[in-house]
Amino acid sequence: MRAIEIAEPGGPEVLEWREAPDPRVERGEVLIEVAASAVNRADVLQRQGFYEPPPGAPPYPGLEVSGVVAEVGADVEQFRPGDEVCALLAGGGYAERVAVPWQQVMPVPDGVPLREAAGLPEVACTVWSNVFMIGRLRKGETLLVHGGASGIGTFAVQLAKALGSRVVTTVGTAAKAERVRELGADEVINYREEDFADKVRADVILDIMGAKYLAGNVRALRTGGRLVVIGLQGGRKAELDLGALLAKRAAVHATALRSRPVDEKGAIVRSVVDNVWPLVSAGAVRPVVHAEVPMADAAEAHRMLDSGEHVGKILLVR
Numbered sequence: 001m002r003a004i005e006i007a008e009p010g011g012p013e014v015l016e017w018r019e020a021p022d023p024r025v026e027r028g029e030v031l032i033e034v035a036a037s038a039v040n041r042a043d044v045l046q047r048q049g050f051y052e053p054p055p056g057a058p059p060y061p062g063l064e065v066s067g068v069v070a071e072v073g074a075d076v077e078q079f080r081p082g083d084e085v086c087a088l089l090a091g092g093g094y095a096e097r098v099a100v101p102w103q104q105v106m107p108v109p110d111g112v113p114l115r116e117a118a119g120l121p122e123v124a125c126t127v128w129s130n131v132f133m134i135g136r137l138r139k140g141e142t143l144l145v146h147g148g149a150s151g152i153g154t155f156a157v158q159l160a161k162a163l164g165s166r167v168v169t170t171v172g173t174a175a176k177a178e179r180v181r182e183l184g185a186d187e188v189i190n191y192r193e194e195d196f197a198d199k200v201r202a203d204v205i206l207d208i209m210g211a212k213y214l215a216g217n218v219r220a221l222r223t224g225g226r227l228v229v230i231g232l233q234g235g236r237k238a239e240l241d242l243g244a245l246l247a248k249r250a251a252v253h254a255t256a257l258r259s260r261p262v263d264e265k266g267a268i269v270r271s272v273v274d275n276v277w278p279l280v281s282a283g284a285v286r287p288v289v290h291a292e293v294p295m296a297d298a299a300e301a302h303r304m305l306d307s308g309e310h311v312g313k314i315l316l317v318r
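Following full-length UniProt numbering, the numbering of the sequence shown begins with 1 at its first residue and continues without gaps.
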């Protein structure tokens, strides 16, 4: 097969479309003939040499794919060759084929084109597990989403609105503000012009910035609020005012998805299929696709992501 390999840590130009060994299908795995993958921040960090794949994962970037089942390993009864699926990966999505534990494989939701389904697994599993399973967002509560125009942000806005919550989000441009309002955001804050902590009180905050936003996030929490940190784009270390947290009886959670064991990912995947896929099939939540780029041109897709001008997901298609 062919896959995108990282020649050496660096910029997008280090991504090369090369011949690579075909994956072997082990017991409990599904081999997927890849139709599309999607670009995530973790792929950029891996390209730069800052985020090695977990032990046993393929060396190629790519945390999600859609495609057709080509083969199933022993003890797999849930899928069969020919099934259209999408999957959450620990790595290896930038390739023509990938083997993945069956627990991380999902049917493509009804009504979603096969290629577009590649933009669902990472955002759906991230948002559902963090906002709803950990953050316990309830109907009528307020969710603050940082980076509302990102793949995760666009999905979180739609899903929270579909389940009856009020949604506030931060963006950096007027054009992005307009797009997230179209997706259902009740309030949009331009972080370049306003301090979000002066504008909103939230029950749950989904944060991709980490250290830079920690103090503001604690200030923006309501009593009993839950801050869930899933990214460190604004740094790793900051001072936490435990007194402020205590006074609000609030909680801070820091989570990662890629490094979780298969059984934990499988539990999230099953919950997503049960709770989120019906909303996707009904059209209440849809993947937001900014662009489709040939997989061989992954470097161009990374340049697009690096520019920060995209809204939603950038797909790599075959």
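Built from N, CA and C at the ideal position, the CB exists for glycine as well. This structure is a prediction, so every number in the text was calculated from the model and none was measured.
- DSSP places Thr126 within a helical segment (H, G or I) once states are collapsed to three.
- If the five residues before and after Ala90 are omitted, its C-beta is found closer than 7 Å to the C-beta atoms of Pro53, Pro54, Ala57 and Arg258, all from its own chain and listed in chain order.
- Only exposed fits Glu194, as fewer than 16 other CB atoms lie within 10 angstroms of its CB.
- By the neighbour-count definition (other C-beta atoms within 10 Å, threshold 16), Thr126 is a buried residue.
- Close CB contacts of Val188 within its chain, under the 8 Å cut and outside five residues either way in sequence, are with Gly148, Val168, Thr169, Thr170, Val171, Ala177, Val180 and Arg181 (chain order).
- If only uninterrupted alpha helix (DSSP H) runs of at least 4 residues are considered, those enclosed by the stretch 199–272 are 214–220 and 242–247.
- Here the alpha carbon of Gly231 sits roughly 6 Å from the alpha carbon of Gly210.
- The alpha-carbon of Leu120 is positioned some 20 Å away from that of Ala185.
- Setting aside the 5 residues that flank it on each side, Gly67 is surrounded in the same chain by Ile32, Glu33, Val34 and Ala35, each with a C-beta closer than 6 Å to its C-beta; the list follows chain order.
- Annotation: the continuous alpha helix (DSSP H) that includes Ile152 extends over Gly151 to Ala162.
- Contact check for Gly28 against Pro113 fails: the beta carbons are separated by 8 Å or more.
- Between Glu16 and Glu5, the gap from beta carbon to beta carbon is short of 8 Å.
- Between Ile205 and Leu221, the beta carbon gap of about 7 Å places them in contact (Cβ cut-off 8 Å).
- Residue state for His310 is assigned as coil, using DSSP reduced to three classes.
- Counting only residues of its own chain and dropping the five nearest sequence neighbours on each side, Val289 has a CB closer than 7 Å to the CB of Glu116, Gly119, Gly312, Lys313 and Leu315.
- Counting along the chain, the unbroken beta strand (DSSP E) around Glu19 starts and ends at Leu15 to Glu19.
- By the neighbour-count definition (other C-beta atoms within 10 Å, threshold 16), Leu159 is a buried residue.
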